[in-house]
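Trainee: Dropping the structure in here first, questions after.
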Amino acid sequence: MTAKPAKPAATVAPDEIAGQTSFDMANLRPERTSLPFVVFISQKGEARHDVRIKLARGPKVRGSEMITIAVRPRPRIIEGRLAAHEFDAVRQWIELNRDVLVDYWNGDIECTEDALSLIRPVPSEDEPLRSPR
Numbered sequence: 005m006t007a008k009p010a011k012p013a014a015t016v017a018p019d020e021i022a023g024q025t026s027f028d029m030a031n032l033r034p035e036r037t038s039l040p041f042v043v044f045i046s047q048k049g050e051a052r053h054d055v056r057i058k059l060a061r062g063p064k065v066r067g068s069e070m071i072t073i074a075v076r077p078r079p080r081i082i083e084g085r086l087a088a089h090e091f092d093a094v095r096q097w098i099e100l101n102r103d104v105l106v107d108y109w110n111g112d113i114e115c116t117e118d119a120l121s122l123i124r125p126v127p128s129e130d131e132p133l134r135s136p137r
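The numbering used here numbers the first residue of the sequence shown as 5 and each following residue consecutively.
Following this line, the structure appears as C-alpha cells:
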C-alpha cells in the first residue's frame, strides 16, 4: 500500500498567478498568521513590482480569485476585494511582519523555512504584541 502525499495548504495552477508561478510562492496557513486567509509570500525573482503578498480565502484557489496586497510604502489592495475589518487585520499582519516580508523579497532571507520561522501571527485583542525574539 502506498501512502498518499500530504496536500499543500493551497493549490494554484502555475499560470494563474499573474506574474508569478506557484512554486515561487510560499503559502502560510491561517493557523500561522491568525488571518482568515491562506497568505502567499515570495521573493522578487523576475517580478517588476515591489513587495506584494497574495491572499486566498480557501485552500483551493484560482488566480483570478486571489487578492493582491502591496506591502510598501503602505499596505494597499492592488487587486481583489476585502471588507474593511479584513483589510485592517491584513494591514496589522503586514506591519508586524514587514521586515521579514521585505528581507525575504530581497533575498536577504534566502531560505523559505527561515522566513517562515520569523513570521508572527496577529495577536488576539486580549493578547499584547510581543517581540519576535
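Glycine included, C-beta positions come from ideal geometry on N, C-alpha and C. These numbers come from a predicted model, not from an experiment.
1) For a quick check, are the C-beta atoms of valine 55 and leucine 105 less than 8 Å apart?
2) Could you tell me which residues DSSP pairs with phenylalanine 44 in its beta bridges?
3) Three-state secondary structure (DSSP) at threonine 51?
4) Comparing C-alpha positions only, which one of Ala88, Ile98 and Ile113 sits nearest to alanine 74?
5) Tell me whether the beta-carbon of lysine 64 lies closer than 8 Å to the beta-carbon of phenylalanine 44.
6) Please classify alanine 119 as buried or exposed, where buried requires at least 16 neighbouring CB atoms within 10 angstroms.
7) Thinking C-alpha only, which one of Ala93, Arg33 and Leu32 is nearest proline 79?
8) With which residues is threonine 72 paired in a DSSP beta bridge?
9) Give the single residue among Leu100, Gly62, Gly111 and Ala30 whose Cα lies nearest to the Cα of arginine 40.
10) Rounded to whole angstroms, what is the Cα-Cα separation between arginine 76 and aspartate 103?
11) Run the CB neighbour count on isoleucine 71, radius 10 Å, all protein chains shown included, and call it buried at 16 or more, exposed below.
12) Given the structure, does glycine 84 come close to the ligand NAD, in the sense that its CB is under 7 Å from one of the ligand's heavy atoms?
13) Note down the Cα distance separating serine 128 from alanine 87, rounded to an integer number of angstroms.
Mentor: According to the structure shown:
1) yes
2) Asn31 and Lys58
3) First, the amino acid is wrong: residue 51 is alanine here, not threonine. Coil, per DSSP.
4) Ile98
5) no
6) buried
7) Ala93
8) Lys58 and Glu83
9) Per the sequence shown, residue 40 should be read as proline rather than arginine. Per the Cα distances, Gly62.
10) 11 Å
11) buried
12) No copy of the ligand NAD appears in this structure; indeed no ligand is present at all.
13) 19 Å
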